[in-house]
Each structure stands twice: as structure tokens, then as C-alpha cells.
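Colleague: Residues are numbered in this note's numbering as their position in the sequence shown, beginning at 1, plus a constant of 73. Beta carbons: idealized from backbone N, C-alpha and C, even for Gly.
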Amino acid sequence: MQESESMKITVVIPALNEEKTIAKVVRDFKQQLPEAEIIVYDNNSTDRTVEEAKKAGAKVLVQHRRGKGNVIRAMFENVESDIYIMVDGDDTYVVDNVRELIAPVANGEADMVVGARLNYEETSFSWSHKLGNKLITTVLNRLFGTKLKDVESGYRVMNRELVKSVILLEGGFGIEPELTIRCLQQGFRIQELPVHYRSRPEGSHSKLNTINDGYVVLYTMITLFRDYNPIKFFSLISLFFLIIGLITGSKITIEYLMTGSIGGHTGTAAFTIMMIILSTLVFLMGVLLDSVNNKWRVTQEMIRKAMPNSK
Numbered sequence: 074m075q076e077s078e079s080m081k082i083t084v085v086i087p088a089l090n091e092e093k094t095i096a097k098v099v100r101d102f103k104q105q106l107p108e109a110e111i112i113v114y115d116n117n118s119t120d121r122t123v124e125e126a127k128k129a130g131a132k133v134l135v136q137h138r139r140g141k142g143n144v145i146r147a148m149f150e151n152v153e154s155d156i157y158i159m160v161d162g163d164d165t166y167v168v169d170n171v172r173e174l175i176a177p178v179a180n181g182e183a184d185m186v187v188g189a190r191l192n193y194e195e196t197s198f199s200w201s202h203k204l205g206n207k208l209i210t211t212v213l214n215r216l217f218g219t220k221l222k223d224v225e226s227g228y229r230v231m232n233r234e235l236v237k238s239v240i241l242l243e244g245g246f247g248i249e250p251e252l253t254i255r256c257l258q259q260g261f262r263i264q265e266l267p268v269h270y271r272s273r274p275e276g277s278h279s280k281l282n283t284i285n286d287g288y289v290v291l292y293t294m295i296t297l298f299r300d301y302n303p304i305k306f307f308s309l310i311s312l313f314f315l316i317i318g319l320i321t322g323s324k325i326t327i328e329y330l331m332t333g334s335i336g337g338h339t340g341t342a343a344f345t346i347m348m349i350i351l352s353t354l355v356f357l358m359g360v361l362l363d364s365v366n367n368k369w370r371v372t373q374e375m376i377r378k379a380m381p382n383s384k
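(1) Check each candidate in V178, N214, G188, N143 and name the one with the smallest Cα separation from V160.
(2) Taking 6 Å as the limit between beta carbons, can you name the residues of its chain near K81, skipping five residues before and five after?
(3) Which stretch, first to last residue, makes up the beta strand (DSSP E) that contains Q258?
(4) Just mark K93 as buried or exposed, buried being the case when its beta carbon has 16 or more other beta carbons within 10 Å.
(5) Considering L235, what are the terminal residues of the alpha helix (DSSP H) in which it resides?
(6) If you draw a straight line from the alpha carbon of R222 to that of V355, how long is it in whole angstroms?
(7) Cutting at 7 Å between CB atoms, please list the residues of its own chain near I304, excluding the five before and the five after it.
(8) Using 10 angstroms around the beta-carbon of G336, count the other beta-carbons present and answer buried if the total reaches 16, otherwise exposed.
(9) Taking DSSP's pairing of strands, which residues face K132 in a bridge?
(10) Assuming Q105 contacts V171 (C-beta within less than 8 Å), just tell me the rounded distance between them.
(11) Quick check: the Cα distance between A129 and Q259, rounded to an integer number of angstroms?
(12) Just the Cα atoms here: how many angstroms apart are R121 and T372?
(13) Taking just the CA atoms, how far does T211 sit from L204?
(14) Buried or exposed for M331, please, with buried defined as at least 16 other CB atoms from any protein chain shown within 10 angstroms of its CB.
(15) At which residues does the alpha helix (DSSP H) containing R172 begin and terminate?
(16) In angstroms, rounded to a whole number, what distance separates the CA positions of M388 and I320?
(17) What residue does the alpha helix (DSSP H) around P303 start on, and which one ends it?
(18) Hey, could you find the ends of the alpha helix (DSSP H) V84 is sitting in?
(19) Looking only at its own chain, which residues have a Cβ that is under 7 Å from the Cβ of P267, when we skip the five neighbours before and after it?
(20) Tell me whether S364 counts as near the ligand HEM, meaning its Cβ is closer than 8 Å to at least one heavy atom of that ligand.
(21) From the DSSP output, which residues share a beta bridge with G188?
(22) Is the CB-CB distance between V186 and Q264 below 9 Å?
(23) Of the choices E124, L208, C256, N143, whose alpha-carbon is the least far from that of L242?
(24) Under the rule that 16 or more other beta-carbon atoms within 10 Å means buried, what is N232, buried or exposed?
(25) Along the chain, where does the beta strand (DSSP E) containing I156 start, and where does it finish?
(26) Can you tell me whether I350 is buried or exposed, with buried defined as 16 or more other CB within 10 angstroms of its CB?
Written out as C-alpha cells, the structure reads:
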């Protein structure tokens, strides 16, 4: 991989109470990428995560605001590199093929390569997490017309332009889907490569809450869909109101054609008119927001091209 020889590679590991695993994750990357800088971004751990990371030879930075999304945002803002490798500190990702993930980014074929968790042990995911991951990935693919396989993977390789251009807002575990969606909307090229995903080591505990974090992720996806594709988002809502109006209005129309009168259906007629007006207003709102959104994208692209730290 000659293209990456002159590039600075930085491995950034978000960590919260990972004293059981963080040292091994650092050592694994040191073995695979001896030339890379390794940074553990601690999120106010209360155990020995910081000490174990330093002992393994990593540089440690701290983000005091709790939440994985806050750590990733701090990483994007504060870490300077040419190629960024983001990976969780729980030792669930096998990193033996990390250079395969780096290659498309280093060669300019992709802006982000996602380590898709397609090879995994049966105990790697609980049934609820497996179902949630599949649901979220399916929803995103339907909403944004993509064919991705794992939008929640925490193992990603990114170039500098992407890291310094993407603006992230999510503070918690919805950060991976948000990162994927924002990259798609800004035209960055995404590839997925399969990686092996294993169970957490004994004594290591997941920070995920299936119901709460699943809700956060779905809410994040819906709001991003609204913000980045308002014409489609509001058209769907407009269509919903229109269908209701047509259903209620069809009964009145049939009765009027047969009897010449709407009889005692004045309330239904008023409801029908209200639904049609509401449908029209919602659609016009989508058109207006889409126009604003397009102007914002043009401005954002001009700013991105003018950024001195983009490569």
C-alpha cells in the first residue's frame, strides 16, 4: 500500500470503562500498524481505562461530556491526521485485516470504509440487538435508497476531508447512523468490507440499552431524513392526509351524485376539506424547505472546498 506510506495514520478509540479490554485493543493495532499513532479518547471512565491505555503505549485524551457522539465530535475537531481509524475499545472487532480497510481510502477509491460485521459469533449479538441492527439498517436503506449492510458498525476508516467536513450533532449511540447519513448526503463515497465481530470478553459489559438507544437511533434517522430530504419527507406526510381526505370525501361524493345532496354529512365534508387543505400546506412546506436545503448544501460545499485543511 504505497499510497499510505507517506500518510499519517491515526487510530482513535472511544472508551468508557474498558479497563478489561483497552490494552489489548491498543496492542493489536500496534502490531498491525506500527507506524500509526494510537489515541484512546476517554469519556470520564471511573475504572483503570486511562492507566491501562497509557501502559499499553497509547496517547490518552479526555472528553468530559458523556456520550459516544460527543467523543467522536471531539475526535473530529481535535485530532489531526490523513487517515483516521475509529474503533470501539471493547475488543469485539478483529483487526487483522485493517490494512484492507485502509487501502480504498489511501488509494482515493473511498472516503470512508466501514467494517461491516457480517462474520460474527452467535453470542456476539443478543437477539434484540441483532433485530434492532437489522431494522435500523433496513429503514435507512429504504429512506435513502442505499444497499448498506451495517450502518451501526463502530469500526471505520476515513480520510481527512470527510472528518473535517462532516458536522455531527448526535451526542449518544445514534452517532454511527448519523455519520453514515451525513456522508451520503454530502456525496462522500462509502464502501463496506466484512470484518469478524466477536463476543465481549468475560468481565466486559456493553453500554447499550436496546430500547432506549434503539429509539434514539431511529429518532436520529427520522430527523436526518426530514432535514436532508424534506420534499420526500413532507410529501409522504402530505400523501397520508390526502388519502384520508379522499377516503372520507369519496363517500360524500357518491351520495351527492346519487341524491344531489350530502345529507347529514356536513361534519364529514368539513373534515375532508380540512384534510385536503392540510395535505396541500404540508406539501408546500416540503417544497419551501427543499429550496432552503438546496441553498444550504451549495453554501456548505463552497465552504468545504475553501477549507485549508481539506485534502
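Modeller: Reading it off the structure:
(1) The residue with the shortest Cα to Cα distance from V160 is G188.
(2) S154, D155, listed in sequence order.
(3) Note, Q258: premise wrong, no beta strand (DSSP E); alpha helix (DSSP H) at 248-258.
(4) By the beta-carbon neighbour count (other beta carbons within 10 angstroms, threshold 16), K93 is buried.
(5) Residues 233-238.
(6) It should be pointed out that residue 222 corresponds to Lys in this sequence rather than to Arg. Looking at the two C-alpha atoms, the distance is approximately 33 Å.
(7) These residues qualify, in order along the chain: G359, V360, D363.
(8) G336 counts as exposed, since fewer than 16 other C-beta atoms from the protein chains shown sit within 10 angstroms of its C-beta.
(9) K132 pairs with I112.
(10) Between V171 and Q105 the Cβ distance is about 5 Å, and since that is below 8 Å, they are a contact.
(11) Each residue's alpha carbon lies about 37 Å from the other.
(12) Cα-Cα distance, rounded: 45 Å.
(13) Whole-angstrom Cα-Cα distance: 10 Å.
(14) By the neighbour-count rule (16 or more Cβ atoms within 10 Å), M331 is not buried but exposed.
(15) DSSP places R172 in the uninterrupted alpha helix (DSSP H) bounded by 171-179.
(16) Outside the displayed span of the chain (74 to 384) sits residue 388, for which this structure offers no information.
(17) 303-332 is the span of the alpha helix (DSSP H), which, as asked, contains P303.
(18) Here V84 belongs to no alpha helix (DSSP H); instead the beta strand (DSSP E) covers 82-88.
(19) If the five residues before and after P267 are omitted, its C-beta is found closer than 7 Å to the C-beta atoms of A189, L191, N192, all from its own chain and listed in chain order.
(20) The ligand HEM is not part of the structure shown, which contains no ligands of any sort.
(21) G188 is bridged to L266.
(22) Contact flag set, yes.
(23) Answer by Cα proximity: N143.
(24) Result: buried.
(25) Annotation: the continuous beta strand (DSSP E) that includes I156 extends over 156-159.
(26) Of the other Cβ atoms in all chains shown, fewer than 16 fall within 10 Å of the Cβ of I350; this residue is therefore exposed.
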